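Just so we're aligned, residue 132 is where the sequence shown starts under my numbering, counting upward by one. Step one of this worksheet: look at the structure below.
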Amino acid sequence: MFARQLAVDAYEPDKILITAQRIAQFPQPLPDGYKFLIAADFKVMQFLVLEHEPSHQQLTFYGLPFAFSEENSKNLLDRAYDMGINAAYTVAKFHDLKSRGQEKVSGETMNYMLGTFTNPANERDAEGFVGCIGLNKAAKNILIYSYPDADHAYNQQVTMNLLNSLKGF
């Protein structure tokens, strides 16, 4: 019954918004071109997928409710990168690290990695992004994956535009 209810709620706009707000304070409405696709609250973690329709890019958020130090948050990012993209619509391993950096998102530090993966839909190389924001005060971590569909290139600005629109955590 629980699994059935999760499946039903995953596509219901009101339930998606509730789950999204447990992860971050997304603006309402979302910026132009972005839309929520699916979400699930598993209590031990939250899962959310958005799409930027003009660029054919998806962004997946995982809300993980446990505190980490800055160093542990970087380790979580490294593990997430090593595991690859594990999202609703794409599963692939990174095989070439392009860059690593930090950005401020709603006043919090986000560590990120940009790498190349082979898209399983067309067996072509594509770039993808994984970021991690550790929120010790809120005792949660947020993993963010961003990647294009099989026929389009990754655009990091699309990812940053959405992240910069967040109002907080």
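The beta carbon of each residue, even a glycine, is placed where N, CA and C say it ideally should be. The model shown is predicted, which means the values in this text are computed figures rather than measured ones.
Rounded straight-line distance, which links the Cα of residue j to that of residue i
{"i": "K229", "j": "T150", "result": "32 Å"}
{"i": "H226", "j": "T249", "result": "8 Å"}
{"i": "E182", "j": "L266", "result": "25 Å"}
{"i": "K268", "j": "N253", "result": "42 Å"}
{"i": "D172", "j": "A134", "result": "11 Å"}
{"i": "K224", "j": "T290", "result": "20 Å"}
{"i": "I273", "j": "Q233", "result": "14 Å"}
{"i": "S277", "j": "L168", "result": "14 Å"}
{"i": "Q177", "j": "I275", "result": "12 Å"}
{"i": "T221", "j": "T247", "result": "14 Å"}
{"i": "A284", "j": "I154", "result": "27 Å"}
{"i": "D282", "j": "K166", "result": "19 Å"}
{"i": "R255", "j": "A141", "result": "30 Å"}
{"i": "E158", "j": "A170", "result": "Checking the displayed sequence, the identity of residue 158 turns out to be Pro instead of Glu. Straight-line Cα distance between these residues: approximately 16 Å."}
{"i": "Q136", "j": "N217", "result": "22 Å"}
{"i": "A257", "j": "P160", "result": "30 Å"}
{"i": "M241", "j": "N206", "result": "13 Å"}
{"i": "M132", "j": "R231", "result": "42 Å"}
{"i": "K174", "j": "L148", "result": "15 Å"}
{"i": "K235", "j": "P144", "result": "29 Å"}
Element boundaries [beta strand (DSSP E), containing residue i]
{"i": "K166", "result": "Y165 to D172"}
{"i": "A284", "result": "It is not in any beta strand (DSSP E) - A284 carries neither H nor E in the DSSP assignment."}
{"i": "F192", "result": "Q188 to L195"}
{"i": "Q177", "result": "Q177 to H183"}
{"i": "A134", "result": "Segment F133 to D140 is the alpha helix (DSSP H) holding A134; no beta strand (DSSP E) there."}
{"i": "A257", "result": "D256 to L266"}
{"i": "P279", "result": "K271 to P279"}
{"i": "L148", "result": "Counting along the chain, L148 falls outside any beta strand (DSSP E), though it belongs to the alpha helix (DSSP H) covering P144 to I154."}
{"i": "T240", "result": "E239 to T249"}
{"i": "F157", "result": "Careful: F157 lies outside any beta strand (DSSP E) and carries neither H nor E."}
{"i": "G215", "result": "It is not in any beta strand (DSSP E) - G215 carries neither H nor E in the DSSP assignment."}
{"i": "K235", "result": "F225 to V236"}
Distance CB(residue i)-CB(residue j) smaller than 8 Å
{"i": "Y193", "j": "M244", "result": "no"}
{"i": "C263", "j": "L208", "result": "yes"}
{"i": "P196", "j": "K146", "result": "no"}
{"i": "S204", "j": "F300", "result": "no"}
{"i": "E184", "j": "G164", "result": "yes"}
Cβ distance (whole Å) where residue i is taken to contact residue j below 8 Å
{"i": "N286", "j": "P162", "result": "That pair is no contact at about 14 Å."}
{"i": "H187", "j": "P279", "result": "6 Å"}
{"i": "L297", "j": "Q156", "result": "6 Å"}
{"i": "V180", "j": "A219", "result": "5 Å"}
Residue range of the alpha helix (DSSP H) that includes residue i
{"i": "F300", "result": "Looking at the DSSP string, F300 is not in any alpha helix (DSSP H), and its letter there is neither H nor E."}
Distance cut-off 7 Å: residue i Cβ against heavy atoms of the ligand ZN
{"i": "Y243", "result": "Of the ligands one can find in the structure shown there are none, so the ligand ZN has no counterpart to examine."}
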